[in-house]
Structures are given as C-alpha cells and as structure tokens.
Amino acid sequence: MGLLDILLGRTKPVEPDLDQLFALPSAAVTLQAASGFSPTGQGAVCFATVEGSAFEQTHREVQALLDADTERTGPPVRLLRDEYGYSWLVSRRAPDELPALVNDLHAVNSAMEVNGFGPQLLCSLAGFADDSDRRLALVYLYKRGSYYPFAPLPGAGQRRDNALELQVKAALAHDLRIEQDLSRWFPVWGAPGL
C-alpha cells in the first residue's frame, strides 16, 4: 500500500486465511467456560449460489473427500438453498466432534477455493447452544479473515441478543481474530446449523 492509498483512505483487502478455522476448538473451550455455550456439532459454509457442471464436480469431490471418514453416520455434507438465494454446504457431527467439524468446513472451503469458487465464498459458521437452548453461531467471514458471534433471540421475529454477542466478543478476544467493525456482523437468519 502506497502513500496515495493512505491519503485517499484505501485499504488493502485482507487475504482469506482458512487456517483461522482451526482456532475454533480452543475458542469453544473458552466459550463454554465463559458463557456455558457448547458445540452443537453443526456447521455450514455459505456461498453465492453457483450453477453448472464445474460446481457439481466440486460438490462431488467434497462428498468423496468427506465420505472417507468412516466414523461419520449419514451424508457428509448437504447442499441447501435459503430464502435469500444463497447456498449452504452443511455438515453435521456429534457435539463432541468439533475438531472433525472444523476439518469438514476447512475441506469444503478449500475445495471451493481451489476449483475457482473463492470469490463466491461468504462465510462459515459453527453452531453452539447453552443449557436453556439459546443459540449462537461463531461466523467466519471469508473475505475479512475474522470472526463474529451471531445470537438470534428465540421466538417470532428477527431479533438479536446484542448483549450476548458483545459478551462473546470480549470472552473470545484472545482466542479468535474478532471482526472489530460491528457493521460487518451480518445477521445470518435461518442459517442451517444454527
């Protein structure tokens, strides 16, 4: 970045760092100790919907890669489309298998990136819940290389538990690269895995 970029307020985009996903298991320990939230075993990768044979081939590669896991019961990943037109590759594991879930999310992201679909990747998330069944997702923003918590309130309507999100942000500040710009904490209403 040069002097002109600094003067004009331009910033260099953050390079995606998929290895940041591997920080989730240790952050989950901190999260459970600080606020009682445990992994649900569900996670997903969100991307702008892609059509065509190249994507179908990538989806088959991801399925084959994750099928090699003999401990898994059920399909390795499901492809879902949400009401907003985005696609989700969803993985489900036992709640105590967060490292395996993280490997699944990393494999899906890597396969998408290697096959030229990196620009379509939006985020990955891992689901958490507490004893009173409150839900929380730790969302990894692919293009920002950072995480943020998303905590929808139960019941009708689309409302967030902002106090919980800020509490989680403070608790995980030393475990994850937290997105500091709160305007980028996008709601992921109805996200599979949440």
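Letter by letter, the sequence shown follows residues 28 to 221 in my numbering. Where a beta carbon is used, it is the ideal one built from N, C-alpha and C, also for glycine.
Can you tell which of the options has the C-alpha that lies nearest to the C-alpha of residue i?
i, options, result
"PRO214", "TYR175, PHE64, THR67, VAL135", "TYR175"
"ALA198", "ALA183, ALA60, PRO219", "ALA60"
"TYR169", "ALA91, ASN142, GLU206, TYR111", "GLU206"
"GLY79", "GLY143, CYS73, ASP160", "GLY143"
"ARG120", "ARG108, SER210, HIS133, VAL104", "VAL104"
"ALA134", "ALA54, GLY172, GLU110, GLN90", "GLN90"
"GLY182", "SER210, GLY217, LEU165", "GLY217"
"GLU140", "ASP109, LEU165, ALA81", "ALA81"
"ALA200", "ALA55, LEU45, ASP46, ASP44", "ALA55"
"ARG161", "LEU45, GLY63, SER53, ASP46", "GLY63"
"ASP46", "TYR167, TRP115, GLU88, LEU106", "TYR167"
"ARG108", "SER53, ARG211, PHE74, SER210", "PHE74"
So, are the CB atoms of residue i and residue j less than 8 Å apart?
i, j, result
"THR76", "TYR113", "yes"
"ASN136", "LEU128", "no"
"LEU51", "LEU163", "no"
"ASP202", "THR57", "yes"
"LEU193", "ARG187", "no"
"LEU48", "LEU132", "yes"
"VAL72", "PRO219", "no"
"ARG204", "GLY172", "yes"
"ALA178", "LEU191", "yes"
Compute every distance between the C-beta of residue i and the non-hydrogen atoms of the ligand GTP, then say whether any falls below 7 Å.
i, result
"GLY217", "Ligands displayed in this structure: none; no statement on the ligand GTP is therefore possible."
Give me whichever residues DSSP pairs with residue i in a beta bridge.
i, result
"SER151", "VAL72, TYR167"
"PRO179", "ARG187"
"TYR113", "ALA75"
"LEU106", "LEU116"
"ARG162", "ALA156"
"SER173", "LEU168"
Check: Between the stretch 61–72 and the stretch 146–161, are three or more C-beta pairs nearer than 8 Å?
Finding: Under the Cβ criterion (8 Å, minimum of three pairs), the stretch 61–72 counts as touching the stretch 146–161.
**Request:** Taking only runs that begin and end inside the stretch 44–69, name each unbroken alpha helix (DSSP H) of 4 or more residues, in chain order.
**Result:** List check, alpha helix (DSSP H) in window: 51–62.
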